[in-house]
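Below: one structure, written as structure tokens.
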Amino acid sequence: MRSQHVISDEEAQQVGDFINSISATPQPSIMGSRPPATAPVQKGRRRNVIPPDFQPWRSQRLQNQGNGARKHVISKAQRVTMKKMGVTEEEDQIDDDSIKRYLGLFDHPLSPQHVEALAELLDVDIAQNNGSTDVLALGSPLSSQMAIASPA
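According to UniProt numbering, the sequence shown holds residues 1 to 152 in order.
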């Protein structure tokens, strides 16, 4: 066990005088006071910035399809059908009146022209059955017994 030495007030005074004699206060910096400490800034990964007016190059076919946003498949099929059946001139120029005329086509039996347009669109052959009904016979061997009938 170590013995602890207790110093007297006189010895403490001598130690204090010695420390003051060997130490000095530094002169103020010529650059001024030191700025406050801050946390180091983490540099993130550099990312490419795309300008807001940037337009990627697109082929003419893709430009004709619109702004590049995907369109609902059923809506696209309805627009193509409306164009093939003569309800509209262009797929992208469909208004409420065109939709009403398109839906009105199916309120009664289709005309032979509309049946032919649908047959061409669906790539099926039209076969005459008894002269009173147009029958669209599907061309695959598995569906030779299946037929789509539309009264004319």
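Beta carbons are placed, not taken as given, at the ideal position from N, Cα and C, and that holds for glycine.
Residue i burial status per 10 Å Cβ neighbour count (16 or more: buried)
i, result
"R47", "exposed"
"V115", "buried"
"M31", "exposed"
"R34", "exposed"
"residue 210", "With the chain covering only 1 through 152, there is no way to say anything about residue 210."
"R45", "exposed"
"R61", "exposed"
Straight-line gap, residue i to residue j (C-alpha atoms, nearest Å)
i, j, result
"S59", "Q65", "10 angstroms"
"Q93", "P40", "58 angstroms"
"Q55", "Q63", "11 angstroms"
"W57", "D95", "30 angstroms"
"Q113", "I126", "12 angstroms"
"I19", "T38", "34 angstroms"
"L105", "H72", "22 angstroms"
"S98", "P52", "36 angstroms"
"D9", "I22", "20 angstroms"
"V15", "P36", "35 angstroms"
"D107", "I50", "51 angstroms"
"A12", "K43", "53 angstroms"
"R79", "V124", "20 angstroms"
"I122", "I74", "As written in the sequence, residue 122 is Leu, which differs from the Ile given in the question. If you take the alpha carbons of L122 and I74, they lie about 15 angstroms apart."
Contacting residues, own chain, Cβ-Cβ under 6 angstroms from residue i (five flanking each side not counted)
i, result
"Y102", "M82, V87"
Nearest-angstrom Cβ-Cβ length linking residue i and residue j, presumed shorter than 8 angstroms
i, j, result
"A117", "K76", "Incorrect: roughly 17 angstroms between the Cβ atoms, too far for contact."
Contact set for residue i: own chain, Cβ-Cβ below 7 angstroms, skip 5 residues either direction
i, result
"E91", "R79, V80, K83"
Cutoff 8 angstroms; reference residue i; Cβ partners in own chain excluding five residues on either side
i, result
"I7", "V15"
Can you check the UniProt region "Disordered" (1-75) for any alpha helix (DSSP H) of at least 4 residues that lies completely inside it and give the ranges in chain order?
For the UniProt region "Disordered" (1-75), the full-length alpha helix (DSSP H) segments reaching 4 residues or more read 9-22, 60-64 along the chain.
Complete alpha helix (DSSP H) runs within the segment 80-123 (minimum length 4 residues, chain order):
96-104, 112-122
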